[in-house]
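What follows is a short report on a single structure.
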Amino acid sequence: MRTFSGTPFATAPAEQIVIVIDWPHRYPRDDSFRVRRQGEHMRREQDPRGNERGAARRAAASMALLALLLPACAPVDVEGDWSGTWRTPLDAYSGTLSMSLTQDGDSFEGTFELDGTACVGEGSVTGTIDRRQFNATLKNGIGGEIVLDGDVNADSTKISGDFEVTGGFCEDAKGSFEVES
1089 MRTFSGTPFA
1099 TAPAEQIVIV
1109 IDWPHRYPRD
1119 DSFRVRRQGE
1129 HMRREQDPRG
1139 NERGAARRAA
1149 ASMALLALLL
1159 PACAPVDVEG
1169 DWSGTWRTPL
1179 DAYSGTLSMS
1189 LTQDGDSFEG
1199 TFELDGTACV
1209 GEGSVTGTID
1219 RRQFNATLKN
1229 GIGGEIVLDG
1239 DVNADSTKIS
1249 GDFEVTGGFC
1259 EDAKGSFEVE
1269 S
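Position 103 of the sequence shown, counted from 1, bears residue number 1191 in my numbering, the numbering being contiguous throughout.
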């Protein structure tokens, strides 16, 4: 015999309140828990529309949504060697961009080499990753600075986006870049 607070249910006083958990046959709902007086008739709860399948449908829809969103939560890995191209509008200037990055959580650092321009050349890279958003600053140590804003593709093998020269000889130059690992 089950007991509540040390007293067998069969001998509990008539006014004693007990919590009765009445699970529907399918999925539990918030309103399937009710406080009842001992001895009250137990009945199966239904959702507000009067059917039990509504809870099952909502649970299935929630699980499907969760399955779709989980891959988006996977960490983005930009560590390694990256190489590709950069170009200004109308391809007035273009060249190659190489980066070697090490990552710690959502931040990274490393070195870069930029060919095809005398503006920056080579130097250090620092930046952050927020979901798939890639933000980096390339500095050459003598005033040249380039800001990269881009996106990492789903399998972390390509980064593409825009750049702007924010310091040095070619300040205010803008364009696009694309690198692959």
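For glycine and all other residues, C-beta sits at the position ideal for the given N, C-alpha and C.
For residue i, does the count of other Cβ atoms within 10 angstroms reach 16, so buried, or fall short, so exposed?
| i | result |
| --- | --- |
| Ile1217 | buried |
| Ile1230 | exposed |
| Gly1232 | buried |
| Met1151 | exposed |
| Ala1206 | exposed |
Quick one: residues in its chain with C-beta nearer than 7 Å to the C-beta of residue i, no 5 flanking neighbours on either side, listed in chain order?
| i | result |
| --- | --- |
| Arg1131 | In this prediction, Arg1131 scores a pLDDT of 48, lower than 50, which makes its location untrustworthy; the coordinate-derived value is nonetheless stated afterwards. Counting only Cβ-Cβ distances below 7 Å, and skipping sequence neighbours, we find nothing. |
| Gly1198 | Met1187, Ser1188, Leu1189, Thr1190, Val1213 |
| Val1235 | Thr1225, Phe1251, Glu1252, Thr1254 |
| Gln1221 | Asp1239 |
| Glu1259 | Val1253 |
Can you tell me the Cα-Cα spacing of residue i and residue j, whole angstroms?
| i | j | result |
| --- | --- | --- |
| Lys1227 | Val1253 | 10 Å |
| Thr1225 | Gly1215 | 6 Å |
| Ser1264 | Arg1145 | 46 Å |
| Phe1196 | Phe1251 | 18 Å |
| Phe1121 | Asp1237 | Its pLDDT being 48, under 50, Phe1121 is placed unreliably by the model, and the measurement read from it follows with that caveat. Whole-angstrom Cα-Cα distance: 51 Å. |
| Ser1244 | Lys1262 | 25 Å |
| Asn1241 | Asp1203 | 24 Å |
| Ser1269 | Asp1194 | 18 Å |
| Gly1172 | Arg1219 | 22 Å |
| Trp1073 | Glu1266 | Residue 1073 lies beyond the stretch modelled for the chain, which goes from 1089 to 1269, so this question has no answer here. |
| Ser1248 | Arg1175 | 12 Å |
| Asp1165 | Thr1184 | 22 Å |
Bridge partners of residue i, per DSSP?
| i | result |
| --- | --- |
| Thr1216 | Ser1195, Asn1223 |
| Gly1232 | Per DSSP, none; premise fails for Gly1232. |
| Val1240 | Ile1247 |
| Ser1182 | Arg1175 |
| Gly1263 | Phe1251 |
| Met1187 | Trp1170, Phe1200 |
Leaving out the 5 sequence neighbours to the left and right, which residues in its chain are closer than 6 Å to residue i when beta-carbon positions are compared?
| i | result |
| --- | --- |
| Glu1201 | Ser1186, Glu1210 |
Following a CB-centred definition, is residue i positioned closer than 7 Å to any heavy atom of the ligand COA?
| i | result |
| --- | --- |
| Gly1193 | The ligand COA is absent from the structure shown, which contains no ligands of any kind. |
In its own chain, which residues sit with a C-beta less than 8 Å from the C-beta of residue i, not counting the 5 before and 5 after it?
| i | result |
| --- | --- |
| Gly1256 | Cys1207, Val1208, Asn1228, Ile1230, Gly1231, Gly1232, Glu1233 |
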